[in-house]
Structures are given as structure tokens and as C-alpha cells.
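Going by our numbering, the first residue of the sequence shown is number 1, and it counts up by one from there. All C-beta atoms in this analysis are idealised placements derived from N, C-alpha and C, irrespective of residue type, glycine included. Here's the structure, in C-alpha cells; my notes come after.
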Amino acid sequence: MTGIRLQAPAPGWSIDADVVVVGSGVAGLTAALRCTAAGLRTVVVTKARLDDGSTRWAQGGIAAALGEGDTPEQHLDDTLVAGAGLCDEEAVRLLVTEGPDAVRRLIETGARFDTDASGTIELTREGGHHRRRIAHAGGDATGAEISRALVDAVRDRAVRTIENALVLDLLTDSDGRTAGVTLHVMGEGQHDGVGAVHAPAVVLATGGMGQVFSATTNPAVSTGDGVALALRAGAEVSDLEFVQFHPTVLFLGPDAEGQQPLVSEAVRGEGAHLVDADGVRFMVGQHELAELAPRDIVAKGIMRRMREQGARHMYLDARHFGAAMWESRFPTILAACRAHGIDPVTQPIPVAPAAHYASGGVRTDLHGRTTVPGLYACGEVACTGVHGANRLASNSLLEGLVFAERIADDIAASPARAGAPVAHPAPRPLPLLDPAARARVQHVMTAGAGVLRSAASLAEAADALDAVHAEALNDAGKAAEPGVESWETTNLLCVARVLVAAARRREETRGCHWREDRPDRDDAAWRRHLVVRLGPDRALDVRPTDTQDFPPTDADAPREP
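Structure, rendered in C-alpha cells:
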């Protein structure tokens with residue numbers, strides 16, 4: 001334990017449970033439903049409403065070897081190639097072999113995927129996939145349909161939920177085992193203000209941290225809260241330097257900030273072309289799959305062309321689809337483009353990369369166990385080893401689904417009893433950042449740790465973030481008042497510092513980590529992971545693993561043979 005906690009009032013209320021799940025996307029709700037089915041008293045804590053997480057924004061779909069002629073082995077091969085030498089092959093094998101049945105169970109839960117006239121699930125292709133294996137719903141509204149089905153199931157089964165609640169810190173007992181969480185419930189309701197859920201198992205499913213950058217596809221709630229909580233609790237975080245920038249995000253202008261509309265990879269999967277202002281297809285010849293190369297390669301191709309031509313964006317041309325296909329296959333994207341004055345039926349779509357997905361996160365084993373006993377993680381907040389240096393398109397929903405089921409099974413197989421939470425006084429109170437610092441952190445990260453990175457840009461970012469950190473420490477007497485915005489901003493600074501520290505340490509280009517000053521992949525020195533821990537003095541300990549394999553996590557838990 002670090003002893004570091006967010007400044008917050010003492011809990012004014014508490015409830016008891018067997019499991020508390022933090023987050024309500026595909027990972028969190030799947031874990032909650034499976035824990036409930038096992039007879040465990042389960043509480044879901046979510047930052048906004050049940051359906052406000054990242055899952056409902058997922059357009060493309062969920063990848064699984066469901067089609068004729070496709071196999072888990074082929075899915076594994078595509079995932080390993082995209083991961084650029086850093087995937088945990090055992091974790092990927094679990095994903096691709098357990099994935100098809102997990103998707104079928106999702107369908108049994110109520111999710112309705114698009115089918116053809118015979119009732120067979122329709123499958124499409126996305127970047128990095130050599131086969132059509134992406135199941136979709138509502139054309140381009142897969143996440144929304146999955147979220148609807150899971151939320152309905154959670155309500156039907158009367159799973160206890162606490163909405164509009166920001167989780168603050170992990171509670172532990174005298175042995176250092178998980179004993180629950182503290183949280184702040186916003187607004188009126190049965191529980192208001194700071195409280196606690198006491199439980200011997202906590203599942204972090206808090207999603208990503210895209211809001212650490214100025215422009216992102218992530219919703220406003222994605223502020224890295226789960227990673228920051230885990231670090232303060234003493235857990236290890238890994239591979240946070242691998243932030244995937246989605247190649248095709250609707251370009252709304254150079255000063256656009258916050259959540260930006262995504263133009264799904266499935267549009268390219270159906271035959272759209274990336275072109276420059278002169279209509280030239282610049283990805284042809286750069287990779288055998290051209291526009292359907294893995295995302296890091298397409299993002300780099302777009303950035304290179306933009307730099308060559310001094311342009312702020314490229315174009316995605318799908319005018320040949322025609323109005324009928326746009327309206328039936330991609331109604332959500334069509335509406336978003338038209339809302340911003342672009343008609344894809346008659347115009348190419350201006351696109352540019354934006355922060356999209358964190359391939360790294362809280363380090364787990366194959367059961368979702370972290371290095372803190374009783375603390376689990378799944379979904380985007382976790383680093384299971386599946387994604388390596390670059391996530392394969394549409395593997396994220398599947399990873400959340402598969403590993404959430406594995407976590408629930410692990411908890412149910414060995415239910416624990418929580419000891420009484422004990423106080424861990426911080427060696428020095430952690431001052432909260434003024435919410436105004438949020439934009440400053442975002443601008444620093446976008447300028448220095450975005451798609452293109454270098455030793456110089458990362459050093460500038462590190463210095464700027466250290467200055468924000470030092471100002472908060474030195475002006476502790478003027479620290480912001482506890483509240484959602486100051487807690488979020490403090491969490492964002494924490495994850496930003498870790499990301500930059502890891503990106504500085506990894507002196508190579510690999511996957512979605514692109515160092516201009518180190519343009520080559522260096523397997524001899526860097527085919528290994530970076531593991532980060534936060535010390536009681538708030539210093540970051542960044543160390544590489546000895547090999548590409550992760551060391552064990554929870555040493556006192558039974559291991560798989």
C-alpha cells in the first residue's frame with residue numbers, strides 16, 4: 001500500500017456486499033451478472049447512468065471466430081501480428097477460444113446482432129483481420145445494443161446499482177487485502193455524498209483514460225479513475241505508453257476538443273478508401289492490407305501524408321456506397337457527419353487520428369487478478385496481455401466479455417470474507433488539483449505524447465506535468481476543494497505522469513508507440529513490458545520485465561497448471 005488517498009470527507013454511510021463492480025460497460029455488467037448468478041451479493045457502482053460508459057459508443061462490433069472457415073487459430077494469428085511482439089500468447093489463446101461461446105451467451109442474454117435472411121449473423125472485416133469475423137448490431141450501433149441488453153438484464157435480475165457515483169479509493173484490511181471502496185454519489189438519492197461499499201472482492205471495470213488528451217473518441221467519464229485508484233492502492237500498471245489513436249476520427253477543426261465523432265473501421269472494411277486532397281489512395285503499397293492494415297500503421301500513414309502535404313487531415317471516401325448502403329449499414333455515422341455539415345453520400349469525410357484506446361492498464365493474470373489481493377480488473381482499465389503494443393480492431397468488447405466471465409468464476413470458486421477496513425494515513429495529504437488544470441494537462445499530453453513522440457517532446461511534457469504536480473504540492477494550503485471535477489483532474493494528472501514516464505523509457509517504435517527519434521523496433525532490448533508502481537513518496541518506479549512474459553501477480557492465489 002502507498003498510503004496515498006484522495007482528499008475526501010470520511011464516509012457517511014456504508015453497505016455490505018460480496019463483490020463490488022466499478023463500471024457498467026460490457027466488462028462490468030457481464031461480471032456483475034455472472035457473480036449474481038453465482039449467488040454472490042453484488043453491487044454495481046457507475047460514474048454516470050448505467051448505459052453512459054464507453055461500450056455504447058463502440059460502432060464496429062465484436063470480433064470472434066463465428067464464420068464458416070474461420071478458426072480461433074486464425075484470430076490468434078491476426079491478434080499477435082497487431083500486438084507487435086508484446087501479446088501474451090496464452091491470454092490471446094484464451095480470448096479467441098472462449099470468445100465464440102461468450103458471444104453466444106451474450107446473445108442468450110438478449111443482445112441482437114445483425115443477421116441475414118436465413119438468420120445467420122452477418123460478419124464484416126476491420127483493420128488487421130484477414131477474415132470477416134466482426135459481428136455488428138444496428139449497422140454501426142453494436143455497443144449501444146450490447147449495453148441495452150446488459151442493462152436490461154441487470155435490471156431484470158434486480159442487481160443492486162449505485163449510479164452517478166465516482167469511486168475514490170480502495171479499502172484494505174490489516175493484511176493488505178481488499179475490503180471495498182470509498183465513493184462519492186452525486187446529487188440526491190438513497191446515498192448522497194461520500195460513502196463506502198465493504199466487500200472482499202472489487203472488480204475494476206472503469207474503462208479508459210482518453211480524456212487525458214485534448215481530442216478523443218472517449219466519453220467525458222473516461223478520466224483514468226480506475227488506473228489512478230489502483231496505483232494509489234499499490235497495484236502495478238503496465239504498458240500505459242501504448243495508447244491507440246484511431247486513424248479515422250471526424251475532423252472538426254484544429255481547435256476541436258473533448259469527445260469527437262468516430263468513423264468506424266468497418267467503413268473501410270466495407271470498401272471505403274483513404275485519400276488525400278487530390279484523391280490519391282496513399283495507403284496502397286504501404287501494407288498488404290492497405291486501408292485495412294492494423295490501426296497503428298494506418299494512423300502513421302495518415303500522419304506522414306499530413307506532414308508531407310502540410311495538411312491538417314486526410315479524407316475517407318465512401319461515396320461509392322450510395323445512399324441506401326449508408327442509411328442501412330452506417331446510420332449512426334451518417335447522422336453524425338451530416339450533423340457537422342458533411343454528407344458522406346456525396347462528399348469524402350475529413351478524418352484525422354485521435355486518442356481512442358489504452359492497450360495498457362492495471363496488470364492482471366489470466367483470471368483478472370491484480371497484484372493487490374482481492375482486487376480484479378477487466379476491460380480497458382486492465383492490461384491482460386491480450387493487446388500487446390496495439391489492440392486488434394474489435395477485440396476490446398470480446399476481451400471485456402471473456403475476462404469478466406473469468407473473474408466472476410474465480411470469485412465464485414473461492415469466496416472470501418473481508419476483514420475490517422483499516423486506515424492507512426498518507427505520509428502527506430494528496431492535494432487536489434484545481435479543475436482548471438485539466439485543460440493544461442490535456443494540452444501538454446496532446447503536444448508531447450500524442451501520435452508522434454520524441455525524447456524532446458516527452459521531456460517537455462514530463463517537465464510540464466511535474467510543474468503542475470509541484471504547484472499542487474507547494475500550494476497545498478490552497479488546494480481545490482474535494483469534488484468530482486478536482487478528483488477527476490487529480491486522477492488525470494496521475495495517469496498522464498505514468499504514461500509519459502513509460503513513453504520516455506521505451507526508446508523504440510513499437511505498435512502504437514511511435515518515437516520519431518527511435519524509428520525502429522528493437523526486439524533485443526525492448527521486447528518486454530514496462531511495469532510501473534507508485535511509491536509512498538509519490539515517485540514512479542518504472543522497470544522493464546526480464547522477458548516478454550509478465551511475472552506472476554497475486555502470489556497467494558492458486559495458479560493454473
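Checklist line | Of the residues C378, S486, T370 and R438, the one placed nearest A233, counting alpha carbons only | finding: T370
(message) When you compare the CB positions of L204 and A377, do they come within less than 7 Å of one another, or not?
(response) yes
*Per DSSP, what kind of secondary structure is G400 in: helix, strand or coil?*
Of the three classes helix, strand and coil, the one that applies to G400 here is helix, per DSSP.
Checklist entry - Whose C-beta lies closer than 8 Å to the C-beta of H198 among residues of the same chain, with five residues either side of it excluded? => result S14, I15, D16, A17, L171, A179, G180, A418 and P421
Exercise for review: Could you tell me the distance, in whole angstroms, from the CA atom of R155 to the CA atom of D410?
Suggested key: One C-alpha to the other measures close to 24 Å.
- Task: For the beta strand (DSSP E) holding T161, just list the boundary residues, first then last.
- Result: R160 to I162
| message | Pop quiz: H273 and D317 are said to be a contact at Cβ under 8 Å. What is the actual Cβ separation, rounded to whole angstroms? | response | 5 Å
- Would you identify the three-state DSSP class for T553, choosing helix, strand or coil? coil
Hey, quick one: how far does the alpha helix (DSSP H) through V227 stretch, first residue to last? D225 to R232
task = Express the C-alpha separation of L397 and T55 in angstroms, rounding to a whole number.
result = 8 Å
- request: Pick helix, strand or coil for G576, following the three-state DSSP scheme.
  value: Since the first and last residues shown for the chain are 1 and 561, residue 576 lies out of range.
Measure how close the beta-carbons of Q74 and A65 come, nearest whole angstrom, since I'm counting them as under 8 Å. 7 Å
Cutting at 6 Å between CB atoms, please list the residues of its own chain near E265, excluding the five before and the five after it. G60, E126, G127 and A393
Practice problem: Quick one: measure Cβ to Cβ for L33 and A153, integer angstroms, because I've assumed they're closer than 8 Å. | Solution: 6 Å
H320, buried or exposed, once every other Cβ within 10 Å from all chains shown has been counted against 16
exposed
Considering P431, what are the terminal residues of the alpha helix (DSSP H) in which it resides?
-> Element bounds for P431: n/a, residue is neither H nor E.
Do the region 341-349 and the region 208-222 touch if we need at least three Cβ pairs shorter than 8 Å?
With a cut-off of 8 Å, the region 208-222 and the region 341-349 do not count as touching, because too few Cβ pairs lie within range.
Of the choices M283, S457, H367 and L183, whose alpha-carbon is the least far from that of R504?
S457
Practice task
Inspect the CB distances between the region 377-390 and the region 112-121 and report whether three or more fall short of 8 Å.
Solution key: The region 377-390 vs the region 112-121: no contact.
Minimum C-alpha distance to V19 - residue among P294, A404 and E399 | A404
Which residues does DSSP list as the beta-bridge partners of R369? Y376
For A324: DSSP bridge partner residues: None; A324 has no bridge partner.
Could you give the first and the last residue of the continuous alpha helix (DSSP H) run that contains P294?
Counting along the chain, P294 falls outside any alpha helix (DSSP H), and DSSP gives it neither H nor E.
query: In its own chain, which residues sit with a C-beta less than 7 Å from the C-beta of P558, not counting the 5 before and 5 after it?
result: A caution first: P558 carries a pLDDT of 48, below 50, which makes its placement in the model unreliable, though a value can still be read off. Closer than 7 Å at the Cβ level, and outside the excluded window around P558, lies no residue.
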